[in-house]
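A short write-up of the structure that comes next.
Protein chains: 2
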Amino acid sequence: MTIQSKFSGLGTDAAPGQEVRQLAGGIEPLLRGDAIPGRPVDFSHGDVDAFTPTPGSFEVFSAGVEAGGKQAYTEYRGDFGIREQLAGRLAGFTGAPVDASDGLIITPGTQGALFLAVAATVSRGDKVAIVQPDYFANRKLVEFCEGEMLPVRMDYATTEGRSGLDLGQLEGAFRSGAKVFLFSNPNNPAGVVYSREEIEAIVALASRYDVTVIVDQLYARLLYSGVDYTHLRAQKLDAEKIVTIMGPSKTESLSGYRLGVAFGSREIIARMEKLQAIVSLRAGGYSQAVLRTWFDEPAGWMDQRIRQHQAIRDDLLKVFRAISGLQVRTTEAGSYIFPALPRLSVRGGDFVRILRLQAGVIVTPGTEFSPFAENSVRLNFSQDHAAAVAACERLVALVDRYRA
Amino acid sequence: MTIQSKFSGLGTDAAPGQEVRQLAGGIEPLLRGDAIPGRPVDFSHGDVDAFTPTPGSFEVFSAGVEAGGKQAYTEYRGDFGIREQLAGRLAGFTGAPVDASDGLIITPGTQGALFLAVAATVSRGDKVAIVQPDYFANRKLVEFCEGEMLPVRMDYATTEGRSGLDLGQLEGAFRSGAKVFLFSNPNNPAGVVYSREEIEAIVALASRYDVTVIVDQLYARLLYSGVDYTHLRAQKLDAEKIVTIMGPSKTESLSGYRLGVAFGSREIIARMEKLQAIVSLRAGGYSQAVLRTWFDEPAGWMDQRIRQHQAIRDDLLKVFRAISGLQVRTTEAGSYIFPALPRLSVRGGDFVRILRLQAGVIVTPGTEFSPFAENSVRLNFSQDHAAAVAACERLVALVDRYRA
Numbered sequence: 001m002t003i004q005s006k007f008s009g010l011g012t013d014a015a016p017g018q019e020v021r022q023l024a025g026g027i028e029p030l031l032r033g034d035a036i037p038g039r040p041v042d043f044s045h046g047d048v049d050a051f052t053p054t055p056g057s058f059e060v061f062s063a064g065v066e067a068g069g070k071q072a073y074t075e076y077r078g079d080f081g082i083r084e085q086l087a088g089r090l091a092g093f094t095g096a097p098v099d100a101s102d103g104l105i106i107t108p109g110t111q112g113a114l115f116l117a118v119a120a121t122v123s124r125g126d127k128v129a130i131v132q133p134d135y136f137a138n139r140k141l142v143e144f145c146e147g148e149m150l151p152v153r154m155d156y157a158t159t160e161g162r163s164g165l166d167l168g169q170l171e172g173a174f175r176s177g178a179k180v181f182l183f184s185n186p187n188n189p190a191g192v193v194y195s196r197e198e199i200e201a202i203v204a205l206a207s208r209y210d211v212t213v214i215v216d217q218l219y220a221r222l223l224y225s226g227v228d229y230t231h232l233r234a235q236k237l238d239a240e241k242i243v244t245i246m247g248p249s250k251t252e253s254l255s256g257y258r259l260g261v262a263f264g265s266r267e268i269i270a271r272m273e274k275l276q277a278i279v280s281l282r283a284g285g286y287s288q289a290v291l292r293t294w295f296d297e298p299a300g301w302m303d304q305r306i307r308q309h310q311a312i313r314d315d316l317l318k319v320f321r322a323i324s325g326l327q328v329r330t331t332e333a334g335s336y337i338f339p340a341l342p343r344l345s346v347r348g349g350d351f352v353r354i355l356r357l358q359a360g361v362i363v364t365p366g367t368e369f370s371p372f373a374e375n376s377v378r379l380n381f382s383q384d385h386a387a388a389v390a391a392c393e394r395l396v397a398l399v400d401r402y403r404a
Numbered sequence: 001m002t003i004q005s006k007f008s009g010l011g012t013d014a015a016p017g018q019e020v021r022q023l024a025g026g027i028e029p030l031l032r033g034d035a036i037p038g039r040p041v042d043f044s045h046g047d048v049d050a051f052t053p054t055p056g057s058f059e060v061f062s063a064g065v066e067a068g069g070k071q072a073y074t075e076y077r078g079d080f081g082i083r084e085q086l087a088g089r090l091a092g093f094t095g096a097p098v099d100a101s102d103g104l105i106i107t108p109g110t111q112g113a114l115f116l117a118v119a120a121t122v123s124r125g126d127k128v129a130i131v132q133p134d135y136f137a138n139r140k141l142v143e144f145c146e147g148e149m150l151p152v153r154m155d156y157a158t159t160e161g162r163s164g165l166d167l168g169q170l171e172g173a174f175r176s177g178a179k180v181f182l183f184s185n186p187n188n189p190a191g192v193v194y195s196r197e198e199i200e201a202i203v204a205l206a207s208r209y210d211v212t213v214i215v216d217q218l219y220a221r222l223l224y225s226g227v228d229y230t231h232l233r234a235q236k237l238d239a240e241k242i243v244t245i246m247g248p249s250k251t252e253s254l255s256g257y258r259l260g261v262a263f264g265s266r267e268i269i270a271r272m273e274k275l276q277a278i279v280s281l282r283a284g285g286y287s288q289a290v291l292r293t294w295f296d297e298p299a300g301w302m303d304q305r306i307r308q309h310q311a312i313r314d315d316l317l318k319v320f321r322a323i324s325g326l327q328v329r330t331t332e333a334g335s336y337i338f339p340a341l342p343r344l345s346v347r348g349g350d351f352v353r354i355l356r357l358q359a360g361v362i363v364t365p366g367t368e369f370s371p372f373a374e375n376s377v378r379l380n381f382s383q384d385h386a387a388a389v390a391a392c393e394r395l396v397a398l399v400d401r402y403r404a
């Protein structure tokens, strides 16, 4: 394989956050009508100006700089004192023990944790079960490691109270020799949470077929009312076969510090650290200090953040459900919403570019998450409430304008 | 290849900074005499408490946090405004143009830049020329990418005014099909600078054999008096075949922010960004702001930093040259010194552990850098001056104690 062919599948042309590198050329002949004025909203990621970082996070960072060398240079897997603090909190949150010494690694962002976890478990030719739709990098990580992706469909749109993962397909993938199952819960982009029954079924299948499970729980703290969350690592599965990934990111608006953690299997985390040594050495030395605020927010702060997001979610659902032919499932956790648009006269990717041009609205095309989601778009609604609602009103106005 | 065998070559058991994970077990029977008291010195990396970060760096970081979303979320390759500033400064420093838009990427540390550059140029089976000795991760990066390493010896010990790279071996490696040549200049660990003639010879050979060159110039700013530095990228070689790596790190004591840059070939940097998207997404958003201080230090600040390091170097050389049988070349740039110890009664790796135990001195074993450097140790002398000298006196005392 040439390096060119290896990278041809790793396109970032439609990746969230890269819109500035995406040219609008050739779209003019498709345009109908004028632009709709309004405050631009970039739904490709959360707005840390609308939802500000955890109180005290900057002060803790400053104390890290003040501490100097011992905070700048840590073990590759992160400062031990911080790992000790986190281990206790993460054990409490997930309901299963975390080994601070050997069972946890701090990484540059949760993206760093995902990369290391996949690259430490998947080698050339290994089969990996991947959900469709799921986080856009999952597929690319498998491709980069030259693994073979076994897709598993999730019918999130028409189910209630569960994710809609096709457990038959999952067993098929495991029976075909999948060595690793990688998935996000809550699901990114669909915003749905796996039911207890689904998690138990995954655990039973992984156990039966000896599959390693990497679960990305980045948004597991931002749960809306009435939603029950089941931590996979607290179920009956060999702890050495599970890696859980989290990080203080969108929920806490700490993404500017680029921090993630992976915890679980000691053997896999040992390999992840070996790889981190040559990939990035360690997470930012001073930034690591910010983790001291994580799971230690002021009383009521997280509850309020959840309430505010739930209120935005509810208003966006009203906007989306007011027009015909648009399908959208209620987000159960996290700040993503993934409406399926009605049939349009332009291709999905073109509509995304038109939205940017005529409505000042940036969304991520569904095809980043699944080949079957061409008519869906992902929005991160961790935004200024009023601006987000107005932007979605422009979005549905353009949907109407471009209907097939 | 199983994942276990793939990772078996990526050991960090003797890697700098990981000493806390290295057990001292089994060494007691080898010990002679008592410990030598003294302030412990960790020569595995520079001491940012002894040499503090660039003035104003924390203020610039704070302004980045204050700026909020637009600093937290940047293009994966980094904020464009910062890239523009850097492009001008790096062009001035290296003597060849830098394309801010397409020819530069900001990474998590220079380690991140190295990983991306190698993974964006080396695929399975590709041959890569690697210098011995050179930065310990270079070999591991090639192994991770499943490339084939073609070693090229550098006889730094017995040469003057040049690195001592074996140009015959380099041509041999190129003739054998090396696709990439990866090296550090100044050399880490030997602290030597490639002469103009050597750089010109490398350029001529790379051009003749169509080899891509990745040059790690991390320490190129910390040049001691009388040393001439030749930037490879300013020579007559297709600019698309060169990637240069630098970063504000030890020299500026900014390593706690984890920042690196790679610049040069647009095609390779485009691939590096695609890979960064799945490896770590981007360098720390707020940390990127610190780059605004880079190459813009207060007048005289860098000169003073160089003088201070040169003074430490000179004193360490006196300590090392006072004992018989120890060979050491004068460091020309950077803050590494790489003495070859006389024949000892214990193995090199054991002596490193003895040093830690009996002298409170942490050094990195030479075998991390070359299989032929078992009797060498690397020290980063960016330390408190008096403490560094005293620690080296303890080191030579133990050399005498353990002579064969």
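In order, the protein sequences belong to chains A and B.
Just so we're aligned, residue 1 is where the first sequence starts under UniProt numbering, counting upward by one.
Just so we're aligned, residue 1 is where the second sequence starts under UniProt numbering, counting upward by one.
Quick reminder that beta carbons are idealized off the backbone N, C-alpha and C, glycines included.
For clarity, every value in this text was computed on a predicted model and none was experimentally measured.
For residue i, the three-state DSSP class (helix, strand or coil)
i	result
Asp315(A)	helix
Met302(A)	helix
Ile106(A)	strand
Met272(A)	helix
Arg29(B)	Checking the sequence shown, residue 29(B) turns out to be Pro, not Arg. If DSSP states are grouped into helix, strand and coil, Pro29(B) belongs with the helices.
Phe320(B)	helix
Ala14(B)	coil
Arg378(A)	strand
Asp400(B)	helix
Asp216(A)	strand
Gly69(A)	helix
Glu160(A)	coil
Member of the options whose CA lies at the smallest distance from the CA of residue i
i	options	result
Val180(A)	Arg139(A), Leu317(A) and Val48(A)	Arg139(A)
Phe320(A)	Arg305(A), Gln217(A) and Leu341(A)	Leu341(A)
Ala41(B)	Phe381(B), Ala234(B) and Ala397(B)	Ala is not the amino acid found at residue 41(B); the sequence shown has Val there. Out of Phe381(B), Ala234(B) and Ala397(B), Phe381(B) has the C-alpha closest to the C-alpha of Val41(B).
Leu395(B)	Leu316(B), Ile214(B) and Ser370(B)	Leu316(B)
Asn188(A)	Lys236(A), Tyr257(A), Leu291(A) and Phe136(A)	Phe136(A)
Leu182(B)	Val60(B), Gly164(B) and Pro151(B)	Pro151(B)
Ser44(B)	Thr364(B), Asp155(B) and Ser376(B)	Thr364(B)
His231(B)	Ser253(B), Ser255(B), Glu198(B) and Glu252(B)	Glu198(B)
residue 422(B)	Leu205(B), Ser253(B) and Leu291(B)	Nothing about residue 422(B) can be reported from this structure: the residues present for chain B run from 1 to 404 only.
Span separating the alpha-carbon of residue i from that of residue j
i	j	result
Gly88(B)	Ser335(A)	39 angstroms
Gly172(A)	Ser207(A)	14 angstroms
Ala117(A)	Leu259(A)	15 angstroms
Met272(B)	Phe58(B)	28 angstroms
Leu379(B)	Arg39(B)	16 angstroms
Glu354(B)	Glu28(B)	Strictly speaking, residue 354(B) in this sequence is Ile, with Glu absent from that position. Rounded to the nearest angstrom, the two C-alpha atoms are 9 angstroms apart.
Ser225(A)	Phe93(A)	17 angstroms
Lys250(B)	Gly191(B)	14 angstroms
Asp228(B)	Ser370(A)	55 angstroms
TODO: Decide yes or no for the touch test of the region 349 to 359 of chain A against the region 154 to 174 of chain A: beta carbon pairs closer than 8 angstroms, at least 3 of them.
DONE: No contact exists between the region 349 to 359 of chain A and the region 154 to 174 of chain A.
Open item on the list: Along the region 125 to 143 of chain B, where does the CB come closer than 7 angstroms to a CB of chain A? Name the residues.
Closed with: Ala137, Lys140 and Leu141
Task: Proximal residues, the region 249 to 266 of chain A versus chain B, C-beta separation under 7 angstroms - done: Ser255, Gly256, Tyr257 and Arg258
Open item on the list: What are the residues in the region 67 to 79 of chain B lying within 7 angstroms of chain A by C-beta distance?
Closed with: Near chain A, meaning a CB-to-CB distance below 7 angstroms, the residues of the region 67 to 79 of chain B are Gly68, Gly69, Gln71, Ala72, Tyr73, Glu75 and Tyr76.
Open item on the list: Taking 8 angstroms as the cut-off, does the region 327 to 334 of chain A touch the region 94 to 104 of chain A (at least 3 CB pairs, one atom from each stretch)?
Closed with: no
Task: Near-chain A residues of the region 224 to 247 of chain B (beta-carbon distance less than 8 angstroms), N- to C-terminal order - done: Going along the region 224 to 247 of chain B in chain order, one finds no residue with a Cβ nearer than 8 angstroms to chain A.
Open item on the list: Quick check: the region 70 to 85 of chain B against the region 244 to 251 of chain B, are at least 3 beta-carbon pairs closer than 8 angstroms?
Closed with: no
Open item on the list: Can you confirm whether the region 298 to 314 of chain B touches the region 381 to 392 of chain B when touching is taken to mean that 3 or more C-beta pairs between the two stretches lie within less than 8 angstroms?
Closed with: yes
Open item on the list: If the cut-off is 7 angstroms on Cβ atoms, which residues from the region 19 to 48 of chain B count as contacting chain A, listed in chain order?
Closed with: Val20, Arg21, His45, Asp47 and Val48
TODO: Note down, in chain order, all residues in the region 78 to 110 of chain A with a beta-carbon under 7 angstroms from any beta-carbon belonging to chain B.
DONE: Pro108 and Gly109
Task: Contact list for the region 269 to 296 of chain A against chain B, Cβ threshold 8 angstroms - done: Under the 8 angstroms Cβ criterion, the region 269 to 296 of chain A contributes Arg271, Glu273, Lys274, Leu275, Ala277, Ile278, Val279, Ser280, Leu281, Arg282, Ala283, Gly284, Gly285, Tyr286 and Ser287.
Open item on the list: Can you confirm whether the region 207 to 223 of chain B touches the region 56 to 71 of chain B when touching is taken to mean that 3 or more C-beta pairs between the two stretches lie within less than 8 angstroms?
Closed with: no
Task: Inter-stretch contact at 8 angstroms, needing at least 3 Cβ pairs: the region 219 to 235 of chain A / the region 260 to 269 of chain B - done: Contact between the region 219 to 235 of chain A and the region 260 to 269 of chain B is not established, with fewer than three Cβ pairs separated by less than 8 angstroms.
Open item on the list: Against chain A, which members of the region 167 to 179 of chain B pass a CB distance test of less than 7 angstroms?
Closed with: So nothing in the stretch comes that close.
- [ ] Scan the region 305 to 329 of chain A for residues whose Cβ lies nearer than 8 angstroms to a Cβ of chain B and list them as they occur along the chain.
- [x] Result list empty, no residue passes.
Open item on the list: Please list, in chain order, the residues of the region 336 to 354 of chain A that have any C-beta partner in chain B closer than 7 angstroms.
Closed with: none
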